């Protein structure tokens, strides 16, 4: 296999860096690429920066709901219910303001739209199918590589408590 | 109530339309979760652990023959492991992924050479490697420079043991 051209300096090879990060390169391409990385500071920096981003994203967790959330929610509901009758009636009229003879047809029309939407969701577009296929292939390769790494570590007896010094 | 007719129709149409993303019979394997960036190997290990027999069969059926046999063998190996062993390997997998690139490259090359050695010698080397990893670096060097060690192992085997024990230097002793 030819020596790998640096993906940072050669934009045509940029996809190789992304494929490596996503573990989509086959075994021999991975070895060749890692050989390049071992001597390329720019690639090493890029990989380190990418890992930092992923680690930061993985360690992020959403903030907890505030303690008085429930109280404020029920307060707001109560406020709505306590509004004057005429305010609530006006809201009902404006949201249901349509000719009387259309009313029976509205539920049927809405149901038809849902059925159409369901068929559209069930039949993904061609572009989505292509993306799905790529995702599936990536997952398959990642699972295979992980199984391979498990076998390597087990073969080498690295299944003790000692771990590996990085 | 006028609204109840609408709700019934909505429920019926929801039942008619299959949920988006559902697995169609005979469809290629699709992992139940979206791919997430980050520590990929650890997530894949968890995914392998959670695979149902049907999902595993779909995964294997999608592979070419040679890869399918290899993956099947490795799945069987994985199934035979105890929970403790899997836990320790999971730690090793994470550490492997976080290893500096040159170290990981060296490990993979050494492992490739290790696999080229006959199976009966590999088991001997595996035992020696585990012993070497338990030693401090100075004691390890002493062991490897000993006459007994040099007489017991070929030059290639000595190189492998030296390289592997250095790369797989334990985090804790």
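Protein chains in written order, with the numbering used here: chain A, 1439 to 1604; chain B, 13 to 185.
Glycine residues also receive a C-beta, built at the ideal position from the N, C-alpha and C atoms.
Predicted, not measured: the structure shown is a model, and the values here were computed from it.
Test item: CB-CB of residue i and residue j under 8 Å
i                      : j                      : result
residue 133 (chain B)  : residue 175 (chain B)  : no
residue 142 (chain B)  : residue 156 (chain B)  : no
residue 113 (chain B)  : residue 1517 (chain A) : no
residue 138 (chain B)  : residue 177 (chain B)  : no
residue 1462 (chain A) : residue 1546 (chain A) : no
residue 53 (chain B)   : residue 96 (chain B)   : no
residue 121 (chain B)  : residue 1581 (chain A) : no
residue 1594 (chain A) : residue 123 (chain B)  : yes
Cα-Cα separation, residue i to residue j
i                      : j                      : result
residue 173 (chain B)  : residue 105 (chain B)  : 21 Å
residue 94 (chain B)   : residue 140 (chain B)  : 23 Å
residue 1445 (chain A) : residue 86 (chain B)   : 33 Å
residue 1468 (chain A) : residue 1442 (chain A) : 10 Å
residue 61 (chain B)   : residue 1447 (chain A) : 40 Å
residue 1515 (chain A) : residue 1508 (chain A) : 11 Å
residue 1579 (chain A) : residue 68 (chain B)   : 14 Å
residue 130 (chain B)  : residue 168 (chain B)  : 12 Å
residue 1458 (chain A) : residue 1485 (chain A) : 10 Å
residue 103 (chain B)  : residue 1510 (chain A) : 45 Å
residue 125 (chain B)  : residue 151 (chain B)  : 25 Å
residue 63 (chain B)   : residue 1470 (chain A) : 32 Å
residue 77 (chain B)   : residue 90 (chain B)   : 20 Å
residue 1490 (chain A) : residue 1591 (chain A) : 25 Å
residue 1449 (chain A) : residue 1487 (chain A) : 19 Å
residue 1456 (chain A) : residue 128 (chain B)  : 31 Å
residue 182 (chain B)  : residue 136 (chain B)  : 20 Å
residue 74 (chain B)   : residue 1494 (chain A) : 34 Å
residue 154 (chain B)  : residue 162 (chain B)  : 11 Å
residue 1520 (chain A) : residue 1526 (chain A) : 9 Å
residue 79 (chain B)   : residue 1464 (chain A) : 12 Å
Residue i: contacting residues in chain A (beta-carbon distance under 8 Å)
i                     : result
residue 116 (chain B) : 1472
residue 57 (chain B)  : 1584, 1588
residue 90 (chain B)  : 1585, 1588
residue 113 (chain B) : 1472, 1475, 1476, 1482, 1485
Buried versus exposed, by CB contacts within 10 Å (16 or more), residue i
i                      : result
residue 115 (chain B)  : buried
residue 1585 (chain A) : buried
residue 1588 (chain A) : buried
residue 100 (chain B)  : buried
residue 71 (chain B)   : buried
residue 37 (chain B)   : With a pLDDT of only 49 at residue 37 (chain B), under the threshold of 50, the placement of this residue in the model should not be trusted; the figure read from the coordinates follows. Classification of residue 37 (chain B): exposed, given that the 10 Å Cβ count is below 16.
residue 1512 (chain A) : exposed
residue 1454 (chain A) : buried
residue 1596 (chain A) : buried
residue 1550 (chain A) : exposed
residue 1523 (chain A) : exposed
residue 148 (chain B)  : exposed
residue 66 (chain B)   : exposed
residue 1472 (chain A) : buried
residue 83 (chain B)   : buried
residue 33 (chain B)   : The predicted position of residue 33 (chain B) is uncertain, since its pLDDT is 43 and thus under 50; a value taken from the coordinates is nonetheless stated next. So residue 33 (chain B) ends up on the exposed side.
residue 1554 (chain A) : exposed
residue 1503 (chain A) : exposed
Chain-ordered neighbours of residue i on chain A, where CB pairs are closer than 7 Å
i                     : result
residue 62 (chain B)  : Ordered by position in chain A, no residue passes the 7 Å Cβ test against residue 62 (chain B), which lies about 12 Å from the chain.
residue 176 (chain B) : 1594
residue 83 (chain B)  : 1582, 1585
Listed by chain order, chain B residues near residue i by CB distance under 8 Å
i                      : result
residue 1591 (chain A) : 101, 104, 105, 108
residue 1578 (chain A) : 41, 71, 74, 75
residue 1469 (chain A) : 117, 120, 121
Proximal chain B residues relative to residue i, where beta-carbon distance stays under 7 Å
i                      : result
residue 1461 (chain A) : 52
Within chain A, partners of residue i - CB distance below 9 Å
i                     : result
residue 138 (chain B) : 1593, 1594, 1595
residue 86 (chain B)  : 1582, 1585, 1586, 1588, 1589
Cβ of residue i within 8 Å of any chain E Cβ
i                    : result
residue 79 (chain B) : The structure shown contains no chain E; its protein chains are A and B.
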